[in-house]
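A short worksheet on the structure shown next.
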Amino acid sequence: MGKLQIGGGAPVAVQSMTCTDTRDIRATVDQIGRLEKAGCEAVRVAVLDREAAEALKTIKKSIGIPLIADIHFDHRLAIGAMESGADGIRINPGNLSRDKLRLVIREAARRKVVIRIGVNAGSLEEEIIARHRGPTAEALVESALAAVAFFEDQGFHNLKLSLKSSQVPTMIEAYRKISTKTDYPLHLGVTEAGTLVSAAVKSALGIGTLLYEGIGDTIRVSLTGDPVGEMGIAWGILRALGIRRYGPEIISCPTCGRCEIDLISLVSRVEERLAGRKEYLKVALMGCVVNGPGEASEADVGIAGGRGRGLLFKRGKATKTVREEDFVDCLMEEIDDILASR
Ligand code: SF4
Numbered sequence: 002m003g004k005l006q007i008g009g010g011a012p013v014a015v016q017s018m019t020c021t022d023t024r025d026i027r028a029t030v031d032q033i034g035r036l037e038k039a040g041c042e043a044v045r046v047a048v049l050d051r052e053a054a055e056a057l058k059t060i061k062k063s064i065g066i067p068l069i070a071d072i073h074f075d076h077r078l079a080i081g082a083m084e085s086g087a088d089g090i091r092i093n094p095g096n097l098s099r100d101k102l103r104l105v106i107r108e109a110a111r112r113k114v115v116i117r118i119g120v121n122a123g124s125l126e127e128e129i130i131a132r133h134r135g136p137t138a139e140a141l142v143e144s145a146l147a148a149v150a151f152f153e154d155q156g157f158h159n160l161k162l163s164l165k166s167s168q169v170p171t172m173i174e175a176y177r178k179i180s181t182k183t184d185y186p187l188h189l190g191v192t193e194a195g196t197l198v199s200a201a202v203k204s205a206l207g208i209g210t211l212l213y214e215g216i217g218d219t220i221r222v223s224l225t226g227d228p229v230g231e232m233g234i235a236w237g238i239l240r241a242l243g244i245r246r247y248g249p250e251i252i253s254c255p256t257c258g259r260c261e262i263d264l265i266s267l268v269s270r271v272e273e274r275l276a277g278r279k280e281y282l283k284v285a286l287m288g289c290v291v292n293g294p295g296e297a298s299e300a301d302v303g304i305a306g307g308r309g310r311g312l313l314f315k316r317g318k319a320t321k322t323v324r325e326e327d328f329v330d331c332l333m334e335e336i337d338d339i340l341a342s343r
C-alpha cells in the first residue's frame, strides 16, 4: 500500500484514523503530521463528500505515510478518492450494492489501490444477522467471506480484511476463524473501544491476544480522543509482545514501603524527556536494591534507588552511584551516549 508492505511477512504496521473534518486540509495535515511523529505508519481519513475526496490531493502531497480513504454508501467517493491519489480505500461491503462495488473494484485494479473490506458488527447485513441471531463471530466471518468471494470473482486480490466488534471475545473469535479460511492480510482492531484506559485494556487484550497467536498484519487502537494517544498504546502492545521495537521501553516498579526515592516523579520526568524518541531502548527505574539491580541490569540503562541515592547500571553493569537530584540528567547523558554508539 503505497510505500508500506502489508502481509507476506512484513512487520505488523501501526495505523490510525484522523478525527478532523477532511475538508479542513490544514487541520487534517497537522494531525497526520503529529501522528507520523508519534509512529503512525498509515492513516485513514473519512471521505464524506466530493469536497473531502478532492482535498485528498493536497493532503497526500503534504504527508509521508500511505493515505487511506474511508468510504461508506457512495461509490463515487471511492472513485474520487482514488483519483486524488489515495493508496488504499476502506469500504464496508454491507453499505454498497454489488453493481457499484464493481465500478470501485475496476478503478482500484487500474490504479493498484489496496481495498480493505471492513466488516463491522454494527453494520452487518440484516439477513446475516437474522440467520446467526446476532452479530456473532460467525456472522462477521460469513459477511467477510461473501465479500471476498465477490472481489475474487472480479479478479481482484489486493485486499486486506477487518472484522471489528466492540466485544473483545467476538472480535478475537472472528479473526481466529477467518485466519484459518483465508490468507489475506488482516487489519486488527476493537471498535468503539472508548477512552484511554478502556481503549488500552480492550486493545491490549483483543489485538494482543491475536498478535500473540501470530494473527494480524496491521493494527489500529481506536480511542475516543486525539488519535495521537493511540500510538503509545499500539506501540506498547507491539513492544510488550516483542513483535516490534520502537521507542523507549520504561520498566518501573510499583514502589512499596522499601522505596526511599521519589520514583513516581522520576518516572514521569524521564518519560517526558524521552517523549517522541523513536529509538528502542530499555530503561529500568527501580525503587530499591531488592529487585532493582536485577531488573536494571537487564536494561540498557537503569537506576536502582537507595536512600537519596541510586546505583546506575549500564548494559548490565553497575557503573556508579548518583545523587537523587542528578538521576534524570545522568540517565539522559547515558542514553544519548548509548544511542550515539549504536
Ligand atoms: Fe518495592 Fe524495591 Fe520492589 Fe520497588 S523494587 S516494589 S521499592 S521492593
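Read in order, the letters of the sequence shown correspond to residues 2 to 343 in our numbering. Using N, Cα and C, we set each Cβ at its ideal position, and we do this for glycine too.
Chain-order list of residues whose beta-carbon lies under 6 Å from that of T210 (same chain, five-residue window excluded):
I173
With hydrogens ignored, establish whether the beta-carbon of R259 is closer than 7 Å to any heavy atom of the ligand SF4.
yes
Straight-line CA distance for L267 to I69?
40 Å
Report the CB separation of K61 from G34 in whole angstroms; it is logged as a contact under 8 Å.
Not a contact, Cβ separation roughly 13 Å.
Taking only runs that begin and end inside the stretch 159 to 196, name each unbroken alpha helix (DSSP H) of 4 or more residues, in chain order.
169 to 180
Shortest alpha-carbon distance to D184 belongs to which of L160, K203, L57 and S166?
L160
Candidates P186, R221 and D227: which alpha carbon is nearest G215's?
P186
Can you grab the Cα-Cα spacing for the pair E250 / Q16, in whole Å?
20 Å
Nearest-angstrom Cα distance between I238 and P12?
14 Å
Mind reading off the beta-carbon distance from T181 to A122? Whole number of angstroms is fine, and I expect it under 8 Å.
Not quite, the Cβ-Cβ distance comes to about 20 Å (not below 8 Å), so this is no contact.
Three-state class that DSSP yields for T21 in the structure shown
coil
Helix, strand or coil at E250 according to DSSP, with G and I counted as helix
strand
What three-state label does DSSP hand F314 in the structure shown?
strand
Counting beta carbon pairs with one atom in the stretch 310 to 318 and one in the stretch 274 to 282, are three or more of them shorter than 8 Å?
no
Helix, strand or coil: which one does DSSP assign to D71?
strand
Beta-carbon proximity check, S144 vs E193, cutoff 8 Å
no
Please classify L340 as buried or exposed, where buried requires at least 16 other C-beta atoms within 10 Å of its C-beta.
exposed
So what's Q32 in DSSP terms, helix, strand or just coil?
helix
Once DSSP output is grouped into helix, strand and coil, what is the label at T137?
coil
When DSSP labels each residue in this structure, what does I116 get in the three-state scheme?
strand
When you compare each of L97, I64 and P67 to I80 by their alpha carbons, which one comes out closest?
L97
Given this structure, state the Cα-to-Cα distance separating A297 from S269, to the nearest angstrom.
17 Å
Is the stretch 116 to 131 touching the stretch 163 to 170, taking contact as three or more C-beta pairs under 8 Å?
yes
Classify G95 as helix, strand or coil using the three-state DSSP reduction.
helix
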